[in-house]
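> Got a structure for you, questions after.
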Amino acid sequence: MTQGAGEWLIEKHGSKRRRGWRKLHIATSVDTGRIVAVLLTDKDVDDGGQVGALLEQIEEPIASFSGDGAYDRDDVYAEVTTQHPDAAVIVPPRANAVPSETAETAPTQRDQHLQCIAERGRMGWQRASGYNDRALIEADISRWKRVIGDGLRSQTDERQATEVAIAANVLNRILELGCPKYVRVA
-8 MTQGAGEWLI EKHGSKRRRG WRKLHIATSV DTGRIVAVLL TDKDVDDGGQ VGALLEQIEE
52 PIASFSGDGA YDRDDVYAEV TTQHPDAAVI VPPRANAVPS ETAETAPTQR DQHLQCIAER
112 GRMGWQRASG YNDRALIEAD ISRWKRVIGD GLRSQTDERQ ATEVAIAANV LNRILELGCP
172 KYVRVA
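Counting in my numbering, the sequence shown runs without a single skipped number right up to 177 at its last residue.
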(Lines of atoms letter the chains of each structure in order from A and count residues from 1; the text may use other names and numbers.)
(Lines give C-alpha, C1' and ligand atoms only; values in the text may rest on other atoms or scores of the structure.)
Protein backbone atom coordinates (compact mmCIF):
# COMPACT_ATOMS: atom_id res chain seq x y z
CA MET A 1 0.00 0.00 0.00
CA THR A 2 1.49 3.35 -0.98
CA GLN A 3 1.08 6.59 0.90
CA GLY A 4 0.94 10.11 -0.41
CA ALA A 5 3.32 12.82 0.79
CA GLY A 6 0.79 14.24 3.24
CA GLU A 7 -0.01 10.85 4.76
CA TRP A 8 3.70 10.07 5.14
CA LEU A 9 4.34 13.39 6.90
CA ILE A 10 1.48 12.79 9.33
CA GLU A 11 2.73 9.29 10.11
CA LYS A 12 6.38 10.34 10.43
CA HIS A 13 6.08 13.74 12.13
CA GLY A 14 2.52 13.85 13.45
CA SER A 15 1.68 16.83 11.26
CA LYS A 16 1.01 17.70 7.63
CA ARG A 17 3.79 20.22 7.55
CA ARG A 18 7.38 20.23 8.65
CA ARG A 19 8.77 22.78 11.01
CA GLY A 20 10.37 25.76 9.35
CA TRP A 21 13.26 27.99 10.27
CA ARG A 22 12.70 31.34 11.91
CA LYS A 23 15.12 34.26 12.15
CA LEU A 24 15.77 36.06 15.39
CA HIS A 25 16.79 39.71 15.07
CA ILE A 26 18.29 41.20 18.23
CA ALA A 27 19.29 44.77 19.08
CA THR A 28 21.55 45.10 22.09
CA SER A 29 23.22 47.92 23.96
CA VAL A 30 27.00 47.73 23.61
CA ASP A 31 27.47 49.56 26.92
CA THR A 32 25.27 47.34 29.09
CA GLY A 33 24.71 44.13 27.10
CA ARG A 34 20.96 44.54 27.55
CA ILE A 35 18.65 43.37 24.80
CA VAL A 36 16.68 46.45 23.78
CA ALA A 37 14.66 44.99 20.88
CA VAL A 38 13.80 41.56 19.50
CA LEU A 39 11.98 40.48 16.39
CA LEU A 40 11.17 37.01 15.10
CA THR A 41 10.59 36.61 11.37
CA ASP A 42 10.36 33.93 8.71
CA LYS A 43 13.58 32.60 7.22
CA ASP A 44 13.00 34.38 3.90
CA VAL A 45 12.98 37.90 5.38
CA ASP A 46 16.12 39.92 4.77
CA ASP A 47 17.96 41.41 7.74
CA GLY A 48 18.18 44.98 6.44
CA GLY A 49 14.42 45.18 5.99
CA GLN A 50 13.88 44.62 9.73
CA VAL A 51 15.89 47.61 10.94
CA GLY A 52 12.83 49.88 11.12
CA ALA A 53 10.81 47.38 13.17
CA LEU A 54 13.69 46.93 15.61
CA LEU A 55 14.31 50.68 15.95
CA GLU A 56 10.60 51.30 16.65
CA GLN A 57 10.93 49.16 19.79
CA ILE A 58 13.72 51.37 21.17
CA GLU A 59 12.36 54.36 23.06
CA GLU A 60 15.55 56.14 24.11
CA PRO A 61 17.87 57.76 21.57
CA ILE A 62 20.71 55.61 20.28
CA ALA A 63 24.30 56.74 19.73
CA SER A 64 25.12 54.28 16.96
CA PHE A 65 23.81 51.44 14.84
CA SER A 66 26.28 48.66 14.00
CA GLY A 67 25.78 45.78 11.64
CA ASP A 68 27.65 43.56 9.24
CA GLY A 69 27.96 44.07 5.50
CA ALA A 70 24.39 42.88 4.89
CA TYR A 71 23.22 46.24 6.26
CA ASP A 72 25.19 48.28 3.68
CA ARG A 73 22.04 49.56 2.01
CA ASP A 74 20.59 52.99 1.42
CA ASP A 75 17.28 52.08 3.09
CA VAL A 76 19.09 51.04 6.30
CA TYR A 77 20.97 54.35 6.47
CA ALA A 78 17.72 56.21 5.75
CA GLU A 79 15.74 54.31 8.41
CA VAL A 80 18.34 54.89 11.12
CA THR A 81 18.66 58.57 10.18
CA THR A 82 14.87 59.02 10.16
CA GLN A 83 14.27 57.47 13.58
CA HIS A 84 17.53 58.57 15.27
CA PRO A 85 19.02 61.54 13.37
CA ASP A 86 22.12 61.83 15.59
CA ALA A 87 23.01 58.12 15.45
CA ALA A 88 26.16 57.00 13.67
CA VAL A 89 25.67 54.14 11.24
CA ILE A 90 28.68 51.81 11.50
CA VAL A 91 28.37 49.32 8.68
CA PRO A 92 31.31 48.16 6.56
CA PRO A 93 30.87 49.14 2.91
CA ARG A 94 31.14 46.36 0.38
CA ALA A 95 34.54 45.80 -1.21
CA ASN A 96 33.28 47.16 -4.55
CA ALA A 97 31.41 50.14 -3.03
CA VAL A 98 31.60 53.48 -4.80
CA PRO A 99 31.03 56.92 -3.29
CA SER A 100 27.77 58.75 -3.92
CA GLU A 101 27.49 61.55 -6.46
CA THR A 102 27.59 64.12 -3.64
CA ALA A 103 30.65 62.63 -1.92
CA GLU A 104 32.82 65.68 -2.68
CA THR A 105 30.34 68.37 -1.65
CA ALA A 106 28.10 66.72 0.97
CA PRO A 107 29.47 63.30 1.96
CA THR A 108 27.10 60.85 3.59
CA GLN A 109 28.14 58.65 6.51
CA ARG A 110 28.82 55.87 4.03
CA ASP A 111 31.00 58.20 1.93
CA GLN A 112 32.95 59.09 5.06
CA HIS A 113 33.47 55.38 5.74
CA LEU A 114 34.77 54.90 2.20
CA GLN A 115 37.14 57.87 2.59
CA CYS A 116 38.48 56.50 5.88
CA ILE A 117 39.01 53.06 4.31
CA ALA A 118 40.89 54.68 1.42
CA GLU A 119 43.13 56.58 3.87
CA ARG A 120 43.67 54.00 6.63
CA GLY A 121 42.66 50.65 5.15
CA ARG A 122 39.79 48.46 6.32
CA MET A 123 41.40 47.54 9.65
CA GLY A 124 42.17 51.21 10.35
CA TRP A 125 38.54 52.08 9.59
CA GLN A 126 37.36 49.37 12.01
CA ARG A 127 39.45 50.88 14.82
CA ALA A 128 38.51 54.48 13.99
CA SER A 129 34.78 53.86 13.59
CA GLY A 130 34.27 51.60 16.59
CA TYR A 131 33.20 48.69 14.39
CA ASN A 132 35.20 46.30 16.58
CA ASP A 133 32.61 46.85 19.34
CA ARG A 134 30.49 44.41 17.35
CA ALA A 135 32.41 41.66 19.17
CA LEU A 136 30.45 42.63 22.30
CA ILE A 137 27.20 42.20 20.37
CA GLU A 138 28.33 38.79 19.17
CA ALA A 139 29.00 37.90 22.82
CA ASP A 140 25.40 38.86 23.64
CA ILE A 141 24.15 36.52 20.93
CA SER A 142 26.42 33.78 22.25
CA ARG A 143 24.97 34.37 25.73
CA TRP A 144 21.46 33.91 24.28
CA LYS A 145 22.44 30.58 22.70
CA ARG A 146 24.20 29.29 25.83
CA VAL A 147 21.45 30.25 28.28
CA ILE A 148 18.26 30.02 26.19
CA GLY A 149 19.35 27.63 23.44
CA ASP A 150 19.19 27.84 19.69
CA GLY A 151 15.67 26.50 19.19
CA LEU A 152 12.09 27.43 20.01
CA ARG A 153 9.75 25.16 21.91
CA SER A 154 6.43 26.74 20.90
CA GLN A 155 4.63 25.80 17.69
CA THR A 156 2.58 28.83 16.67
CA ASP A 157 3.96 32.18 15.53
CA GLU A 158 2.28 34.11 18.36
CA ARG A 159 3.58 31.76 21.03
CA GLN A 160 7.06 31.81 19.51
CA ALA A 161 7.07 35.62 19.61
CA THR A 162 6.02 35.47 23.27
CA GLU A 163 8.73 32.90 24.00
CA VAL A 164 11.37 35.18 22.46
CA ALA A 165 10.13 38.20 24.43
CA ILE A 166 10.23 36.22 27.68
CA ALA A 167 13.74 34.94 26.89
CA ALA A 168 14.96 38.51 26.28
CA ASN A 169 13.47 39.63 29.60
CA VAL A 170 15.09 36.68 31.40
CA LEU A 171 18.52 37.51 29.98
CA ASN A 172 18.10 41.17 30.93
CA ARG A 173 17.09 40.16 34.47
CA ILE A 174 20.20 37.98 34.74
CA LEU A 175 22.30 41.02 33.82
CA GLU A 176 20.53 43.07 36.51
CA LEU A 177 21.40 40.46 39.13
CA GLY A 178 25.07 40.90 38.47
CA CYS A 179 27.81 40.88 35.90
CA PRO A 180 31.48 40.23 36.39
CA LYS A 181 33.63 43.34 36.37
CA TYR A 182 37.01 42.94 34.73
CA VAL A 183 40.03 45.00 35.66
CA ARG A 184 43.27 44.88 33.73
CA VAL A 185 46.23 44.06 35.96
CA ALA A 186 49.73 45.16 34.90
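C-beta: ideal position from N, C-alpha, C; glycine also.
Can you give the Cα-Cα distance for Asp33 and Trp12, rounded to whole angstroms?
7 Å
> In or out: Glu95 buried (at least 16 other Cβ within 10 Å) or exposed?
exposed
> Over the uninterrupted alpha helix (DSSP H) stretch that includes Ile157, give me the two end residues.
Residues 148 to 168.
> Would you kindly report the start and end of the unbroken alpha helix (DSSP H) that includes Val71?
For Val71, the enclosing alpha helix (DSSP H) stretches over residues 65 to 74.
> Following the continuous alpha helix (DSSP H) through Asp131, name the residue where it begins and the one where it ends.
125 to 138
> Give the secondary structure of Ser120 by DSSP, where H, G and I count as helix, E and B as strand, and everything else as coil.
helix
> Express the C-alpha separation of Val82 and Ser253 in angstroms, rounding to a whole number.
The question about residue 253 has no answer here: the residues shown for the chain are numbered -8 through 177.
> Pick out whichever of Lys14, Val29, Asp102 has its Cα sitting closest to the Cα of Asn160.
Val29
> Could you pull out every residue in the same chain whose Cβ sits closer than 6 Å to the Cβ of Val42, ignoring the five residues on either side in sequence?
Val67, Glu70
> Mind checking whether Gln151 and Leu31 have CB atoms under 7 Å apart?
Result yes, Cβ atoms of Gln151 and Leu31 sit closer than 7 Å.
> Let me know if Tyr122 comes out buried or exposed under the rule of 16 or more other beta-carbons within 10 Å of its beta-carbon.
buried
> Who are the Cβ neighbours of Ser145 in its own chain at under 8 Å, not counting the five residues just before and after it?
Gln151, Thr153, Glu154
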